[in-house]
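These protein sequence lines are chains A and B, in that order.
Using my numbering, the first residue of the first sequence is number 20, and each one after it goes up by one.
Using my numbering, the first residue of the second sequence is number 61, and each one after it goes up by one.
Note sheet for the following structure.
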Amino acid sequence: MSHLALTARLDISESVRARWFFVYTLIFGGIVAAFFAFGVTESRVLGFMGLSRLLVTYIQLAMAIMPIFILLTTVRSVAGDREAGVFEYLLALPVSLGSWYWGRLLGRFLTVFLPVFLAMLVATLWAVHKEIEVPWRMFGIYTGQLAAMSWCFLGLGMLLSTFARSTDVAQGSAFVLWLTCLLFLDLILLGVLIQGRMPAEGVVAIALINPLQVFRTGALMLFDPQLVVYGPAAYVIYDHFGGPNFIAYSMAYPAFLGTVAAGIGYWNFRRGDLV
Amino acid sequence: MIRLSALTKAFKKHRVLDALELSIAEGERVALIGSNGAGKTTMIRCILGEYTFSGGLEVNGLSPRVDRAAVLKTVGFVPQLPPPLKMPVRELVRFAAAVSGTSPSRIDELAARLGLDVKLFAHHPFFKLSGGQKQKLLIAIALGRDARYLFLDEPAANLDPEARHTFFTLLAERAANATMIISSHRLDEVAALVNRVIELDRGKVVLDDRVADAPLTGVLTCAVVLRRPDAAIAKALGEWGFADVREGLEWAGRVAGADRLRFMGMLSRYVGLLVKVSLEEQHVAALKVVAS
Numbered sequence: 020m021s022h023l024a025l026t027a028r029l030d031i032s033e034s035v036r037a038r039w040f041f042v043y044t045l046i047f048g049g050i051v052a053a054f055f056a057f058g059v060t061e062s063r064v065l066g067f068m069g070l071s072r073l074l075v076t077y078i079q080l081a082m083a084i085m086p087i088f089i090l091l092t093t094v095r096s097v098a099g100d101r102e103a104g105v106f107e108y109l110l111a112l113p114v115s116l117g118s119w120y121w122g123r124l125l126g127r128f129l130t131v132f133l134p135v136f137l138a139m140l141v142a143t144l145w146a147v148h149k150e151i152e153v154p155w156r157m158f159g160i161y162t163g164q165l166a167a168m169s170w171c172f173l174g175l176g177m178l179l180s181t182f183a184r185s186t187d188v189a190q191g192s193a194f195v196l197w198l199t200c201l202l203f204l205d206l207i208l209l210g211v212l213i214q215g216r217m218p219a220e221g222v223v224a225i226a227l228i229n230p231l232q233v234f235r236t237g238a239l240m241l242f243d244p245q246l247v248v249y250g251p252a253a254y255v256i257y258d259h260f261g262g263p264n265f266i267a268y269s270m271a272y273p274a275f276l277g278t279v280a281a282g283i284g285y286w287n288f289r290r291g292d293l294v
Numbered sequence: 061m062i063r064l065s066a067l068t069k070a071f072k073k074h075r076v077l078d079a080l081e082l083s084i085a086e087g088e089r090v091a092l093i094g095s096n097g098a099g100k101t102t103m104i105r106c107i108l109g110e111y112t113f114s115g116g117l118e119v120n121g122l123s124p125r126v127d128r129a130a131v132l133k134t135v136g137f138v139p140q141l142p143p144p145l146k147m148p149v150r151e152l153v154r155f156a157a158a159v160s161g162t163s164p165s166r167i168d169e170l171a172a173r174l175g176l177d178v179k180l181f182a183h184h185p186f187f188k189l190s191g192g193q194k195q196k197l198l199i200a201i202a203l204g205r206d207a208r209y210l211f212l213d214e215p216a217a218n219l220d221p222e223a224r225h226t227f228f229t230l231l232a233e234r235a236a237n238a239t240m241i242i243s244s245h246r247l248d249e250v251a252a253l254v255n256r257v258i259e260l261d262r263g264k265v266v267l268d269d270r271v272a273d274a275p276l277t278g279v280l281t282c283a284v285v286l287r288r289p290d291a292a293i294a295k296a297l298g299e300w301g302f303a304d305v306r307e308g309l310e311w312a313g314r315v316a317g318a319d320r321l322r323f324m325g326m327l328s329r330y331v332g333l334l335v336k337v338s339l340e341e342q343h344v345a346a347l348k349v350v351a352s
């Protein structure tokens, strides 16, 4: 087995044993279980019912929970391991830095993405079993978007971990990053628009840069295009780009951003002190 | 050959290694001593490629920063503080063996010789092992492959006397084909293991001395006679595995050859109680110390 695969496997088994993973899995599994328990599949909102209603609600909750969870657990784990002396020992073994860094990233990606995906998959299989109609296109798009968002925030988390010299600084930076993304969702963008202090192009640009807003807009593209549902920036984007194009962008951009962030993190990891 | 030329490492404005010049030839067993903050760990981390530095550093002609994996393939390392790894013992052994190109069974065998049954603790998280068990496993991982360079940071600090003896025997088995750097802040801990002593102080070499080779193997039979029974020395001798032969007045036991200085260091704390001490190398009656 290659060193990259060995490191990925090591990170997966470390994560699976960690308390955060237990909580993380419980939350997403619990959300799906709660949806079924409270009959979300039987209710109708804005034309969505059955499994599509469940998926829409699920993706909105995932957007709220996943990024901060991924950011905090990644920076805690990486910066924490360095502080505790884990790096001093494991990086004295003959594993290349590339295998170590990208192996950890890959392992962690699987541990953060799979519980979210599997919860969604279980819901879908349950729907198949109960002969509820399954919106397969929506399922496929949400899977891609969730994977892209996981990768994006994982890359950002790795980037922060390589620059921060302590767990406290890493956690603080992760929280500030998440808060910034959250603040520049449609809510703030709407305020900026109303105040008229920024041209509409600037507002849309921010909406296209903010991965959280991109994810939100992409997920909303499956709704009926109404301003009240989308929010102003997302509505303008929909109007300008069209649904299918933006859905593709909502997967490509976060994946690209995550890769670039992870790449810069790797560059910084290699050039500085490892411990 | 490890060659350090004008090796300098600074954290912000604080120079921890100050233009260090050093060459360590194949087969040397070096005690790296110095007080806390002298630069011992920093020097080892530089050689392991974990720190950036200015100046030159080569391990067998290779740079540990550029040719990381190639250099580390030849290195076995035991850190001073065991890492708080959550992974089970079996997984750590498998991972270390796989990346180092050795077999887990070889590590298991060495651990068993040190008194640690890896199978028994296979599913225990590493961080939940006792200090001694962690040390034994890390030593087994470091020695369980064909490393040409061994970096041991206070390696025997947590070992019981029996395990120390085995550890010295293991080092003796590797002495012919491995270069060893054993770091400690106390010379008596490592003096008998080495043939060269390097002392660092504020990032510079302040002492570089060759010492006579002491046999790493061998066992000394030892008898201690006390003026009167005493709880403190009884406890200390008990920790060395000595048996009470006569109502706390006479004690008998065995000391690993390489541990003789450390043992005598322990005895020196109770010098007022000693009536007679004898140390005799088994098979060869070469050394006899009598104090009365």
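No residue lacks a Cβ here, since even glycine has one placed at the ideal position from N, Cα and C.
Would you grab the beta carbon distance between residue i and residue j for me? Rounded to a whole angstrom, and I think it's under 8 angstroms.
| i | j | result |
| --- | --- | --- |
| Val90 (chain B) | Leu108 (chain B) | The Cβ separation is near 15 angstroms, so there is no contact. |
| Leu276 (chain A) | Gly174 (chain A) | 7 angstroms |
| Ala232 (chain B) | Val279 (chain B) | About 12 angstroms separates the two Cβ atoms, so there is no contact after all. |
| Phe137 (chain B) | Phe211 (chain B) | 5 angstroms |
| Ala158 (chain B) | Leu25 (chain A) | 5 angstroms |
| Leu231 (chain A) | Cys200 (chain A) | 4 angstroms |
| Pro134 (chain A) | Phe203 (chain A) | So it is not a contact: roughly 27 angstroms between Cβ atoms. |
| Ser269 (chain A) | Gly126 (chain A) | No, Ser269 (chain A) and Gly126 (chain A) are not in contact; Cβ-Cβ is about 25 angstroms, not under 8 angstroms. |
Looking at the strands, I want to know which residues DSSP matches up with residue i.
| i | result |
| --- | --- |
| Arg75 (chain B) | B:Ala70 |
| Met240 (chain B) | B:Arg89, B:Leu210 |
| Glu220 (chain A) | Beta-bridge pairing links Glu220 (chain A) to no other residue. |
| Ala316 (chain B) | B:Val279 |
| Phe137 (chain B) | B:Phe211 |
| Gly116 (chain B) | B:Ser65 |
| Leu286 (chain B) | B:Leu334 |
| Trp145 (chain A) | Answer by DSSP bridge pairing: none, since Trp145 (chain A) is not bridged. |
| Ile84 (chain B) | B:Ile62 |
| Leu339 (chain B) | B:Cys282 |
| Lys264 (chain B) | B:Asp261 |
| Pro185 (chain B) | B:Pro148 |
| Trp311 (chain B) | B:Val284, B:Asp304 |
| Asp269 (chain B) | B:Val257 |
| Leu180 (chain B) | In the DSSP output, where bridge partners are listed per residue, Leu180 (chain B) has none listed. |
Report yes if the C-beta distance between residue i and residue j is below 8 angstroms; otherwise report no.
| i | j | result |
| --- | --- | --- |
| Ala226 (chain A) | Thr236 (chain A) | yes |
| Val131 (chain A) | Glu110 (chain B) | no |
| Trp311 (chain B) | Pro221 (chain B) | no |
| Ala103 (chain A) | Pro143 (chain B) | yes |
| Met240 (chain B) | Phe186 (chain B) | no |
| Leu67 (chain B) | Gly115 (chain B) | yes |
| Val255 (chain A) | Ala280 (chain A) | no |
| Leu112 (chain A) | Arg289 (chain A) | no |
| Leu74 (chain A) | Met139 (chain A) | yes |
| Ile104 (chain B) | Ile84 (chain B) | no |
| Glu249 (chain B) | Arg322 (chain B) | yes |
| Thr143 (chain A) | Leu70 (chain A) | yes |
Among the options, whose alpha-carbon lies nearest the alpha-carbon of residue i?
| i | options | result |
| --- | --- | --- |
| Val94 (chain A) | A:Ser115, A:Val188, A:Leu109 | A:Val188 |
| Leu286 (chain B) | B:Arg306, B:Asp268, B:Leu145 | B:Arg306 |
| Ala172 (chain B) | B:Gly161, B:Lys188, B:Glu151, B:Ile201 | B:Ile201 |
| Ala52 (chain A) | A:Ser192, A:Thr199, A:Val141 | A:Val141 |
| Ala193 (chain A) | A:Ala103, A:Leu137, A:Ser32, A:Ser180 | A:Ser180 |
| Val149 (chain B) | B:Thr229, B:Gln140, B:Pro164, B:Leu141 | B:Pro164 |
| Val153 (chain B) | B:Cys106, B:Leu203, B:Ser114 | B:Leu203 |
| Trp121 (chain A) | A:Ala138, A:Gly282, A:Asn287 | A:Gly282 |
| Leu267 (chain B) | B:Lys69, B:Ile62, B:Glu151, B:Leu82 | B:Leu82 |
| Ser185 (chain A) | A:Ser115, A:Gly99, A:Met139 | A:Gly99 |
| Leu165 (chain A) | A:Ala27, A:Ile266, A:Arg290 | A:Ile266 |
| Val265 (chain B) | B:Lys72, B:Met61, B:Leu80 | B:Leu80 |
| Leu369 (chain B) | B:Ile167, B:Leu198, B:Thr102 | Residue numbering for chain B in the displayed model covers 61 to 352; residue 369 (chain B) lies beyond these limits and cannot be assessed. |
| Ser96 (chain A) | A:Val222, A:Gln190, A:Gly250 | A:Gln190 |
| Leu132 (chain B) | B:Phe113, B:Cys106, B:Gln140 | B:Cys106 |
| Met20 (chain A) | A:Gly221, A:Gly49, A:Val114, A:Ser71 | A:Val114 |
| His22 (chain A) | A:Phe40, A:Ala56, A:Arg123 | A:Arg123 |
Give the residues of chain E in contact with residue i, contact being defined as C-beta atoms less than 7 angstroms apart.
| i | result |
| --- | --- |
| Ser32 (chain A) | Among the protein chains of the structure shown, namely A and B, there is no chain E. |
So does the region 249 to 264 of chain B actually touch the region 81 to 95 of chain B, counting three or more Cβ pairs closer than 8 angstroms?
With a cut-off of 8 angstroms on Cβ pairs, the region 249 to 264 of chain B is in contact with the region 81 to 95 of chain B, counting three or more such pairs.
Measuring CB atoms only, is the region 75 to 84 of chain A touching the region 122 to 129 of chain B, in the sense that at least three cross pairs come out at less than 8 angstroms?
no
Does the structure place the region 162 to 173 of chain A close enough to the region 262 to 278 of chain A that three or more beta carbon pairs sit under 8 angstroms?
yes
For the region 248 to 265 of chain A against the region 149 to 161 of chain A, do three or more pairs of beta-carbon atoms, one drawn from each stretch, fall closer than 8 angstroms, so that the two count as touching?
no
Below 8 angstroms, can you find three or more Cβ-Cβ pairs linking the region 327 to 338 of chain B to the region 235 to 255 of chain B?
no
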